[in-house]
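The opening position of the sequence shown corresponds to residue 1237 in our numbering, with each subsequent residue numbered one higher.
Note that CB positions come from ideal geometry on N, CA and C, so glycine has one too.
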Amino acid sequence: MSFPAERPRRLRRTPAMRTLVAETRLHPADLVQPLFVREGLDEPRPIPSMPGQVQHTRDSVRKAAAAAAQAGVGGIMIFGIPVEKDPSGRGAWDEQGIAQLALADVAAEVGDATVVISDLNLDEYTDHGHVGLLGDDGDVENDATLRVYAKVAVAQAEAGSQLIAPSGMMDGQVAAIRAGLDAAGHEKVPILAYAAKYDSAFYGPFRAAVESSFTGGRSTHQQDPANLAEAVREVRLDVAEGADLVMVKPAGLYLDVVRRVADEVSVPVAAYQVSGEYAAIEAAAARGWVARERAITESVTAIRRAGARIVLTYWATELAQRL
Ligand code: PBG
């Protein structure tokens, strides 16, 4: 009888041994907590499609930001939900718009303890739910929308955003926003580009969370899930336009994209574990079908292992508190 010469199990015998040889570690500073803030609420309102997440009031979002910072979370990302939506999404750049008010509150609350990030898009603000201005053919008009994005970026920077994250997948959006910020004296504010953002079914719970009326599709601007080379092209373009960080989204079903992008570029790479990824694990855990905490840790670890420096996840604060 011959015995194995190689015994990988020697390195798995004890928790201390496994920790010593772990190739990937989670750290609170790697995580970004997305937060929703809704205009006109007296109380935080639970989001049924995302158990455990809420639409915050201005007051509660400040507290949630402080809790994230306290837990050592690397960044928080603010999403505003206005009461009134219109065809041009004016709440997105209005000085008194809910996101701008919340950005100012949160920036004052956390100071430099965590990075205050703003998602930049019009979909929460338009009555039709599209990411930009619509042309006569019903499709989003690229260049007209860029002018609006530049205006929104300036409004967010003036309110206190420390990192602007355009998520609309318009061609040239990073260059347009960079030019708009620079012209307004915000050349020090960096851009986190949602560079490879796929046309995914897994944004469904988020759309309910932001009360989107959207019923159409985004396949004329978001990427086809079938494609990988296209992601490399998108990411390279965004870096050339001045993106300071790039993002892949969703994360868990796109680990090959995360790996490829991390190998291609030298700017930091983020990945967004989206609402549908969150909801799927929460729903399975609620039925006792997966062990909740293990599933959370495993899913985020896999995204880091694939090459994401930063992970946006709705579990950021909870996970940071546990690490
Ligand atoms: C756009 C935006 C979306 C998400 C992040 N930024 C929605 C969309 O593209 O439809 C999705 C995040 C998630 O599903 O968790 N404002």
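query = In or out: G1488 buried (at least 16 other Cβ within 10 Å) or exposed?
reply = buried
task = Return the residue from the list R1274, E1242, P1282, M1286 that minimises the CA-CA distance to Y1439.
result = M1286
ask   = Between the Cα of Q1269 and the Cα atoms of A1307, E1279, A1444, L1247, which residue gives the shortest distance?
value = A1307
ask   = In the segment 1411-1492, which residue ranges form an unbroken alpha helix (DSSP H) of at least 4 residues, counting only runs that do not cross its ends?
value = 1440-1445, 1465-1477
query = Rounded to whole angstroms, how far is the Cβ of M1406 from the Cβ of L1382, which I believe are closer than 8 angstroms?
reply = 6 angstroms
request  = Starting from I1517, follow the alpha helix (DSSP H) in both directions and report where the run begins and ends.
outcome  = 1511-1522
query = Hey, Q1509 and I1539 are a contact pair by Cβ (cut 8 angstroms); roughly how many whole angstroms apart?
reply = 6 angstroms
ask   = Near R1528, which residues of its chain fall below 6 angstroms by C-beta distance, leaving aside the five closest residues on each side in sequence?
value = A1521
ask   = Which residues mark the beginning and the end of the alpha helix (DSSP H) in which L1337 is found?
value = 1334-1346
request  = List the DSSP bridge partners of M1313.
outcome  = P1270, I1353
inquiry  = On the DSSP bridge list, what partners appear for H1292?
reply    = V1273
Near ligand 1: S1511 beta-carbon under 7 angstroms from a heavy atom = yes
request  = State the DSSP-derived secondary structure class of Y1361, mapped to helix, strand or coil.
outcome  = coil
N-terminal and C-terminal residue of the beta strand (DSSP E) that M1402 is part of = The question names Met, yet the displayed sequence has Pro at residue 1402. Segment 1399-1402, the beta strand (DSSP E) holding P1402.
task = In the DSSP assignment, find the alpha helix (DSSP H) that holds P1552 and state where it starts and stops.
result = Residue 1552 is actually Ala in this sequence, not Pro. Note, A1552: alpha helix (DSSP H), 1552-1558.
task = Take A1338 and list the residues in its own chain whose beta-carbon comes closer than 7 angstroms to its own, dropping the five residues that flank it on each side.
result = V1273, R1294, V1297, I1314, G1316
request  = Please report the Cβ distance between F1450 and D1373, rounded to the nearest whole angstrom; I am assuming they are in contact, meaning their Cβ atoms lie under 8 angstroms.
outcome  = The Cβ separation is near 17 angstroms, so there is no contact.
ask   = Are the beta-carbon atoms of Q1392 and S1436 separated by less than 8 angstroms?
value = no
ask   = If we cut at 8 angstroms on Cβ distances, does V1342 have a partner in chain B?
value = The chain labelled as chain B is not found in the depicted structure, where only one protein chain is given.
query = Taking just the CA atoms, how far does P1240 sit from V1503?
reply = 43 angstroms
key: Identity of the residue in R1254, S1238, L1262 nearest A1542 by Cα   = L1262
inquiry  = On the criterion of 16 or more Cβ atoms from any shown chain inside 10 Å, does M1253 qualify as buried, or is it exposed?
reply    = exposed
ask   = Applying the criterion that 16 or more other CB atoms from any shown protein chain within 10 Å of the CB defines a buried residue, is G1310 buried or exposed?
value = buried
ask   = Cβ of N1357 versus every heavy atom of ligand 1: is any distance shorter than 7 angstroms?
value = yes
request  = Check A1506 in the structure and name its three-state DSSP category.
outcome  = strand
Terminal residues of the beta strand (DSSP E) in which I1546 lies = 1546-1548
ask   = Cα-Cα, which of L1267, L1464, Y1430 is closest to R1496?
value = L1464
key: When A1516, L1481, E1518, D1379 are compared against V1501, the one with the closest alpha-carbon   = L1481
task = Please state whether DSSP places R1281 in a helix, a strand or coil.
result = strand
key: V1376 in three-state terms, based on DSSP   = strand
key: Beta-carbon proximity list for A1233, same chain, < 8 angstroms, skipping 5 on both sides   = Since the first residue shown for the chain is 1237 and the last is 1559, residue 1233 is missing from the structure and cannot be characterised.
query = What does a CB cutoff of less than 7 angstroms around A1300 pick up in its chain, not counting 5 residues either side in sequence?
reply = L1271, H1292
request  = State the Cα-Cα distance for the pair R1472 and L1491, rounded to the nearest angstrom.
outcome  = 18 angstroms
query = By how many angstroms is the C-alpha of A1386 removed from the C-alpha of D1460?
reply = 26 angstroms
key: Check: S1403 C-beta below 7 angstroms from any heavy atom of ligand 1   = yes
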